[in-house]
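*Asks:* I have a structure here, written as structure tokens, and I will follow up with some questions on it.
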Amino acid sequence: MFLHRDLFLRFEDYCIPYVDDIKEGRSEDYTWEALDDKRSEWWTAAADSTRERFVAEGHHVLVRDPSDWVGVARRHLSYHGLGGIDSTAGTDEHGGVRLGFTSVFHPAIASGVLLGCWERAHGRNGRASVSYEEGLATLELRSSREIAA
1 MFLHRDLFLR FEDYCIPYVD DIKEGRSEDY TWEALDDKRS EWWTAAADST RERFVAEGHH
61 VLVRDPSDWV GVARRHLSYH GLGGIDSTAG TDEHGGVRLG FTSVFHPAIA SGVLLGCWER
121 AHGRNGRASV SYEEGLATLE LRSSREIAA
């Protein structure tokens with residue numbers, strides 16, 4: 001069964017007026033560039049639900065260096081029609097990574113899946129931040145807490 005992007009975006013637009021302060025989840029672990037408050041809350045709920053579902057499935061994710069994220073994204077995004085990445089860069093020595101998307105079904109859904117992958121690979125809670133560079137989405141994943149040096 002396919003869920004078309006247009007239908008998903010219309011569902012999002014339909015839900016936005018009814019979003020009223022998310023009480024559950026980890027809203028502090030998601031940052032969305034250039035979104036209004038209501039849409040940001042909806043994206044956070046969608047991403048966190050996707051992350052929880054992914055972690056509950058018990059996938060094993062092994063990451064040795066930032067370039068491994070291309071394969072991780074292929075397995076958990078591209079094969080399901082959720083997008084793909086073409087660039088990776090390490091951002092810190094604790095597993096932080098910046099991923100550049102070539103295409104993405106919905107940034108919140110892809111962010112939730114990849115944050116779930118990051119958490120399974122590193123064994124700790126992470127944080128996701130989406131920004132846009134030259135019209136393409138960029139996702140930064142890192143630890144949600146500072147790690148002592």
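UniProt numbering numbers the first residue of the sequence shown as 1 and each following residue consecutively.
We put the beta carbon where it would ideally sit given N, CA and C, even for glycine.
All values reported here derive from a predicted model rather than from experimental measurement.
1. If you compare alpha carbons, which of Tyr132, Val55, His94 is closest to leucine 114?
2. If we ignore side chains and look at the alpha-carbon of each, how far apart do alanine 110 and alanine 121 end up?
3. Between the alpha carbons of arginine 142 and leucine 77, how many angstroms are there, rounded?
4. Inspect the CB distances between the region 80-90 and the region 7-19 and report whether three or more fall short of 8 angstroms.
5. Here's the rule: buried if 16 or more other CB atoms are within 10 angstroms of the residue's CB, otherwise exposed. What is phenylalanine 2?
6. Given 8 angstroms as the limit, is there contact between the region 63-72 and the region 44-53, that is, 3 or more CB pairs closer than that?
*Replies:* Reading it off the structure:
1. When Tyr132, Val55, His94 are compared, the shortest CA-CA separation from leucine 114 is found for Val55.
2. Taken atom to atom, the span from the alpha-carbon of alanine 110 to that of alanine 121 is near 16 angstroms.
3. So the two alpha carbons sit approximately 19 angstroms from each other.
4. The region 80-90, when compared against the region 7-19, does not touch it at the 8 angstroms Cβ threshold.
5. Exposure of phenylalanine 2 is indicated by the presence of fewer than 16 other C-beta atoms within 10 angstroms of its C-beta.
6. With contact defined as three or more Cβ pairs closer than 8 angstroms, the region 63-72 and the region 44-53 are not in contact.
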